[in-house]
Structure formats: C-alpha cells, structure tokens
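As structure tokens, this is what we get:
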C-alpha cells in the first residue's frame, strides 16, 4: 500500500513539472518575440471558426491541458479513491501495522493463547526485521536459548524464556534453570500472566507453597480469564495448609470455594474441621459431598470421623439418596456395624457383595470376621479382595 501511494505521488509530481515547464517555455518564447503574441490565429474546422491572438491561444492550450489533467484525476479518484481510503482505514500505515503485529506477538508470548488474532490480521503483509529473529526461535532447540538481557529486544528475551519453559522443553531443564528463565521473562514483562502461572507451578515444585498461594492469588485478582488455574490453586492451598497449621482452615475453606467437587479438598477440610472441634460442619461437608459423588475415599474419612458417634451418623446416612451409590451404601452398613445394628449391617453388606464385589467390600467383610476371631473366614475374604484387585 505504501509503495503504491509513493508511485501515485511521483506521477502527480511529474505531471505538474511537465505543465510548469510548458508554461515557462511559452512565456519565455512570448517574451523573446513580443510581436508574435499579437499575431492573429485563425482555425476553421467542420464549419466552426475560431479566431484569437497567438499569446491567448498558447495560454488557452495550457489551460485545456490543466483541465484535462484535473478531469483525469477526478475520474481516477472516483473509481479508486473509496477502495484506497477503505484500505488505509482498515490496515493503517506501515508504522501502525508494525505496532499491531508487535502487540499481537506480545500477547501470544505473555498469555500463551490465540487472543491476538485480531491484531495479527490487521498487520497482514508486514514482516519487520525484528520478527525474523523471533521466528528463528521457533526452529531452535532448548539448548540454543541464550538470553542476552543487555542486547536482546525485550520481546525477543520474553519469547526465548517462554519457549524454553514450554511443556515439551521443561523436562530438559533443572529447577534452577527454569527459575532463571522465568525471572528473566518477568524482568522484561512483569505482568505476563503465563509467566506468573509457570512461576507458581515452579514454587510448588520447590515446596514453597505459601509463596505459591500468594502468586496464584495475585493472578486470580488481577486477571479475568484464569478459571483454568482453579485446580492448581486449590491444590496449592491444600499443600500450604499442611505447612501452616495455624492458617489451615482459612486455606482449605478457600480451596473448597474454588474447587468444591475435588475429593482431596473435601477430605482435607473435613479433617481440619474435626480437629478444630467442629464435627457437625465436617459431617455436613462429607455427607453433602457423598450425596452427589460416589467417592469411597471420602466415605472412608466419614467412617473414621463418625466412629464415636456412629448411631447419630448412621441416622444421617440412612436415606435413599445415599443408597444410590456404592460409597453411600458402604458407609451406611459400616456405621450400622459400629452402632451395633448387627442384623442390618450383615444384610446390607451381603447385598452389596452380591451386587458388586470389590476389594473394599471383601476387606470390610474380612475385618468383621476378624473381630469375631473367625480367622479362616477372614483369610478367605482377604484372598477374595486380592483376586478382585488382580
């Protein structure tokens, strides 16, 4: 577009220079031969008679040439002008398109997604020199990423760090190398969401879970489209709770709000609530989860927490909603057994074994036989559990 505009400008200048030269030559001739300007000029064609002086005739020819040029340009603009104007409005000049292209690449580098398609489309046809070095990085091996913070363009530096810490390369890096690349990336683009996410994952790998939680919180507050970090954020909160028991409930409640469907979060929060003396909240949390999920590991935690109040927990579980899943049914019969409702427990466990034999059900049956010191039956049930695993 810029080249075409330059060609049009050159053509206009040439035409104007030609007209100006012609006028100067005619005026010079009239000055040199003043008598010629007053001589009559007579033109007769197709019955028309045109008569004037030589000087006026020369000026008239110049005027006709100028009118012809103006009409020619007017017709050209009427045909090509709207398209050229639309192209200029849509694409902008070269400098603006280069800026848009740089913004598009920066968004991809910092956020790791295709949200820069609009800017990239507007910059179509513009490949500046700085992009050649960046494109070369896509064909490089991780070992060839040599960051030169003093001489490299900041975008080029960020791109090197982004590619070096991609999933396909990360296994080739040590923790210290990963940290170096991420620190360099954040040094040139401090607010890059993707760099902050990878930094948070690195902090988790280093065991610095409190700092990891703080970084995830920063991402969660400052950036809109970060729903994909929910699971990692919740996991970090659970790990931070283990490191800082005083803040465990605060961390785990936040994890539960973020990822309430996660069984590990549910179990960790229920155990923390029970340790804090809030058994009712722990019970409500576990039973609400089991009413919606068939999770045997959650049922095992509920059974352990309900040992001392087995009858009260059994009354809460003895409802149709829990009989729909294996986990709920198993918890019900185990609580009945602990509450010394032997007949109900025996019949319920046998129905479960008849419907769906599993290692946990056979282990439960074996544990009950062991309590009765029926060792042969207990060994047989343990053997059945091993067969189910196989």
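In our numbering, the protein residues as written are 6 to 395.
Every residue gets a Cβ at the ideal spot worked out from N, C-alpha and C, and that includes glycine.
These numbers come from a predicted model, not from an experiment.
Check your understanding: Which residues in the same chain as residue 373 place their Cβ atom closer than 7 angstroms to its Cβ, once the five residues preceding and following it in sequence are excluded?
Key -> Excluding sequence neighbours, residue 373 sits near 342.
Check your understanding: So residue 182 is in the alpha helix (DSSP H); what residue range does that whole segment cover?
Key -> In the DSSP annotation of this structure, the continuous segment of the alpha helix (DSSP H) that includes residue 182 starts and ends at 180 to 193.
Review point. With distances taken between CB atoms, is the gap from residue 371 to residue 386 smaller than 8 angstroms?
Key: Cβ atoms of residue 371 and residue 386: closer than 8 angstroms.
Practice item. Could you name the residues of the same chain whose beta carbon sits closer than 6 angstroms to that of residue 166, not counting the 5 residues immediately before and after it, in chain order? Key: 186, 189, 190, listed in sequence order.
Check your understanding: CB-CB under 8 angstroms to residue 336, same chain, minus the five flanking residues each way: which ones, in chain order?
Key -> So the list reads 295, 304, 307, 308, 322, 327, once near-sequence residues are dropped.
Check your understanding: Which same chain residues, not among the five before or five after residue 249, have their C-beta less than 8 angstroms away from its C-beta?
Key -> Closer than 8 angstroms at the Cβ level, and outside the excluded window around residue 249, lie 215, 256.
Exercise for review: Measure the CB-CB distance between residue 275 and residue 310 and report whether it falls below 8 angstroms.
Suggested key: Yes; because the gap between Cβ atoms is below 8 angstroms, this pair is in contact.
Exercise for review: Give me the Cα-Cα distance between residue 353 and residue 368, rounded to the nearest whole angstrom.
Suggested key: Answer to the nearest angstrom: the Cα atoms are 15 angstroms apart.
**Study point:** Cα-Cα separation, residue 405 to residue 226
**Key:** Any property of residue 405 remains undetermined from this structure, which presents the chain solely from 6 to 395.
Point to revise | For residue 366, the nearest candidate out of 207, 394, 347, 236 (CA to CA) | key: Ranking 207, 394, 347, 236 by Cα distance to residue 366 puts 394 first.
Check your understanding: Over what stretch of residues does the alpha helix (DSSP H) that includes residue 214 continue unbroken?
Key -> DSSP places residue 214 inside the alpha helix (DSSP H), whose first and last residues are 214 to 227.
Review point. Distance, Cα to Cα, residue 281 vs residue 344?
Key: About 25 angstroms.
Review point. Going by Cα to Cα distance, which pick from 197, 289, 179, 236 is closest to residue 267?
Key: Answer by Cα proximity: 236.
Review point. Using the C-alpha atoms, what's the distance from residue 212 back to residue 107?
Key: The straight-line gap from Cα to Cα measures roughly 37 angstroms.
Review point. If you compare alpha carbons, which of 315, 260, 29 is closest to residue 64?
Key: Taking residue 64 as reference, the option from 315, 260, 29 with the minimal CA-CA separation is 29.
Exercise for review: To the nearest angstrom, report how far apart residue 320 and residue 239 are at their CA atoms.
Suggested key: Spanning the two alpha carbons is a distance of roughly 32 angstroms.
Check your understanding: Cα-Cα, which of 193, 179, 230 is closest to residue 210?
Key -> Looking at the Cα atoms, 179 is the closest of the given residues.
Review point. CA-CA distance, residue 300 and residue 103?
Key: One C-alpha to the other measures close to 55 angstroms.
Point to revise | Residue interval of the alpha helix (DSSP H) (run including residue 324) | key: Looking at the DSSP string, residue 324 is not in any alpha helix (DSSP H), and its letter there is neither H nor E.
Check your understanding: Within 10 angstroms of its Cβ, does residue 285 collect 16 or more other Cβ (buried), or is it exposed?
Key -> Answer is exposed; the Cβ neighbour count stays below 16.
Check your understanding: Alpha carbon to alpha carbon, how far is residue 200 from residue 351?
Key -> Going by the C-alpha atoms only, they are around 57 angstroms apart.
Practice item. Determine the direct distance from the alpha carbon of residue 100 to that of residue 247, and round the result to whole angstroms. Key: Cα to Cα, the separation comes out at about 54 angstroms.
Check your understanding: Among 171, 265, 169, which one has its Cα closest to the Cα of residue 290?
Key -> Closest option to residue 290, Cα to Cα, is 265.
Review point. Could you give the distance in angstroms between the alpha-carbon of residue 234 and the alpha-carbon of residue 378?
Key: When rounded, the distance between both Cα atoms is 51 angstroms.
Review point. What is the residue span of the alpha helix (DSSP H) that residue 391 lies within?
Key: Annotation: the continuous alpha helix (DSSP H) that includes residue 391 extends over 380 to 394.
Point to revise | Euclidean distance between Cα positions of residue 22 and residue 76 | key: If you take the alpha carbons of residue 22 and residue 76, they lie about 18 angstroms apart.
**Study point:** Continuous alpha helix (DSSP H) stretch holding residue 159: start and end
**Key:** Element bounds for residue 159: 159 to 169.
Review point. Taking residue 58 as the reference, which of 360, 45, 272 has the closest Cα?
Key: Shortest Cα-Cα distance from residue 58 to any of 360, 45, 272 involves 45.
Exercise for review: Note down the Cα distance separating residue 245 from residue 260, rounded to an integer number of angstroms.
Suggested key: Straight-line measurement puts the Cα of residue 260 at about 11 angstroms from the Cα of residue 245.
Practice item. Go ahead and pull the three-state DSSP assignment for residue 209. Key: For residue 209, the secondary structure class from DSSP, reduced to helix, strand or coil, is helix.
Exercise for review: Report yes if the CB atom of residue 172 is closer than 8 angstroms to the CB atom of residue 114, and no otherwise.
Suggested key: Cβ distance not < 8 angstroms, so residue 172 and residue 114 don't count as in contact.
Check your understanding: Among the residues of its own chain, which have a CB less than 6 angstroms from the CB of residue 316, if the five just before and after it don't count?
Key -> Here the set comprises 344.
Check your understanding: Closest to residue 208 by CA distance: which of 232, 197, 181 is it?
Key -> When each option's Cα is compared against that of residue 208, the closest is 181.
Review point. On the three-state DSSP scale, how would you describe residue 284?
Key: Residue 284: helix per DSSP, three-state reduction.
**Study point:** Neighbourhood of residue 273 by C-beta distance below 8 angstroms, restricted to the same chain and skipping five residues each side
**Key:** Apart from the 5 residues on each side of it in sequence, residue 273 sits with its Cβ closer than 8 angstroms to the Cβ of 243, 246, 257, 260 in its chain, given in chain order.
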